[in-house]
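Position one of the sequence shown corresponds to residue 43 (the working numbering), numbered consecutively onward.
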Amino acid sequence: MKPNLNLITGDVQARIRSMILASDFKPGQRLVEEELCSMFEIGRTPVREALLLLQGEGLIVRRRGWEVQGVDHLQVHAIFESRAAIESATARLAARYITPAQLDALDGMLDAMEPSNEISRIELNKINTRFHELIVQASNNAILIQFHERTRFYYWALRVPVLFADAQLHDTNREHRELVDALRRHEQDRAEHLARLHVESTMKTIEPALQR
């Protein structure tokens, strides 16, 4: 029985996408078909098909070969507008569907992200990412979850060298706590509003770095 080419292509596509989103493949990095074939121990046809599909998603481009798409800083407002729209919509739905277990998990992340804990900025970013992803998952809306996954690449591909001051970290976690409070109280309008304000606040923080 021959293997299903569509399934193999889909698996390769998913694996490359995950590596791009995890920054294993960075913006501007070349993706060589032969190297991918060797990495995945697979023939060229599913790799080439997967790359074409990823090109359609906007994650890679073809310029004298394949490479991971970069993000022009002029796109930053569109990126944040998309992020604000998706995160406010998912927060509204999460306020309706979130479970006690999910709220407990968010509480644990809030405590871990307190500046007084003096965790590394790398670990702080990881927890922050999980925090927002959990709220998106709590929306129980598969389409919005997919949209969020798509925008995550563009958001993190900005590679903005920003070092948040302690006061900004305190403000960020205060905003997080207000959002979780709205989710716990199932206040959909408030959760939606706070999620949008939080993204806009982040935009105001990093915008000066984009002008350098």
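The beta-carbon is built from N, C-alpha and C at its ideal position, and this holds for glycine as well. Fair warning: this is a prediction, and the values are worked out from it, not measured in the lab.
Asked	Found
How many angstroms separate the CA atom of E77 from the CA atom of F189?	29 Å
Which runs of the beta strand (DSSP E), 3 residues or longer, sit entirely within the stretch 52–106?	102–104
Who are the Cβ neighbours of E129 in its own chain at under 6 Å, not counting the five residues just before and after it?	A237 and V241
Taking 6 Å as the limit between beta carbons, can you name the residues of its chain near R201, skipping five residues before and five after?	For R201, the predicted model reports a pLDDT of 49, less than 50, meaning its position is unreliable and no value from the coordinates is stated.
Enumerate in chain order the residues of its own chain whose CB-to-CB distance from V103 is below 7 Å, with the five nearest sequence positions on each side excluded.	Q97, E109 and Q111
If we call anything under 8 Å between Cβ atoms a contact, is A233 one with A131?	no
Restricting to Cα atoms, I'd like to know which of Q144, L148, E75 and Y139 is closest to Q230.	Y139
Of the residues D66, I121, R106 and Q55, which one's Cα is nearest the Cα of V89?	Q55
Rounded C-beta distance between L176 and L148? I'm assuming under 8 Å.	6 Å
Starting from E129 and walking both ways along the alpha helix (DSSP H), at which residues does that stretch end?	V118 to Y139
Between R172 and M151, how many whole angstroms is the CB-CB distance? I'm expecting something under 8 Å.	6 Å
Quick check on the burial criterion: 16 or more other C-beta atoms within 10 angstroms. Buried or exposed for R227?	exposed
Alpha carbon to alpha carbon, what distance is there between N183 and P142?	18 Å
Would you call L225 buried or exposed, if buried means 16 or more other Cβ atoms sit within 10 Å of its Cβ?	buried
How is the beta strand (DSSP E) around E109 delimited, first residue to last?	W108 to V110
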